[in-house]
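Novice: For what it's worth, this note's numbering labels the leading residue of the sequence shown as 495, then goes sequentially. Backbone N, C-alpha and C fix where the C-beta goes; we use that ideal spot for every residue, glycine too.
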Amino acid sequence: MIVDLLYGLPADGPDVGMTLVDMLGTVLVGPALETLLMRLILVLIAKFTDRIFLSACLCAFIFSVLHSMSHPLWGMFTFMPFVVFGIAFQVWRQSSPKVGFTIAFLIHALHNSYVLLVGMLGQ
Numbered sequence: 495m496i497v498d499l500l501y502g503l504p505a506d507g508p509d510v511g512m513t514l515v516d517m518l519g520t521v522l523v524g525p526a527l528e529t530l531l532m533r534l535i536l537v538l539i540a541k542f543t544d545r546i547f548l549s550a551c552l553c554a555f556i557f558s559v560l561h562s563m564s565h566p567l568w569g570m571f572t573f574m575p576f577v578v579f580g581i582a583f584q585v586w587r588q589s590s591p592k593v594g595f596t597i598a599f600l601i602h603a604l605h606n607s608y609v610l611l612v613g614m615l616g617q
């Protein structure tokens, strides 16, 4: 609502009509690929800083820009979730890289499931 007041959202958003394959891609494939890419980005950022929150914010900014290419507001709304994914990955990676990936992937998949469900209920 606040975003609508500030930016004047279009009357109709992007078409989110989805097939089962689209849904699986949104909930499983997308988060898996994005978590792999996030891992690579965080490893590169770690060469310059060991600060977990800063690294997560820089990585989230990159993903926000990438998501903005699809729809400008998606980039804005993906920043905070990617900060969470990035922090989770870095904290759990200390236990094991596999665990770090799994935790970040599961949080991302659950987040996308929630967004998908809310989007479907809103139609």
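Using the beta-carbon count (16 or more within 10 Å), is Arg545 buried or exposed?
Specialist: It is exposed - the Cβ of Arg545 has fewer than 16 other Cβ atoms within 10 Å.
Novice: Using 7 Å as the threshold, is the C-beta distance between Ser549 and Leu530 below it?
Specialist: No, they are not a contact pair.
Novice: Tell me whether Asp544 sits in a helix, a strand or coil according to DSSP, three-state version.
Specialist: Reduced to three states, the DSSP call for Asp544 is coil.
Novice: Under a three-way DSSP split, which group does Leu610 fall into?
Specialist: Correct three-state label for Leu610: helix.
Novice: How is Gln588 classed by DSSP in three states: helix, strand or coil?
Specialist: Note: Gln588 maps to coil in three-state DSSP.
Novice: For His561, which residues in the same chain have their Cβ closer than 7 Å to its Cβ, ignoring the five residues on either side in sequence?
Specialist: Cβ neighbours of His561 beyond the five flanking positions: Trp568, Gly569, Thr572.
Novice: On the CB-based measure, 16 or more other CB atoms within 10 Å of its CB, does Leu604 come out buried or exposed?
Specialist: The residue is exposed, with fewer than 16 neighbouring Cβ atoms inside 10 Å.
Novice: Beta-carbon within less than 7 Å of Asn606's beta-carbon, same chain only, minus the 5 sequence neighbours each way: which residues are those?
Specialist: Contacts found: Thr520, Val521, Gly524, Pro525.
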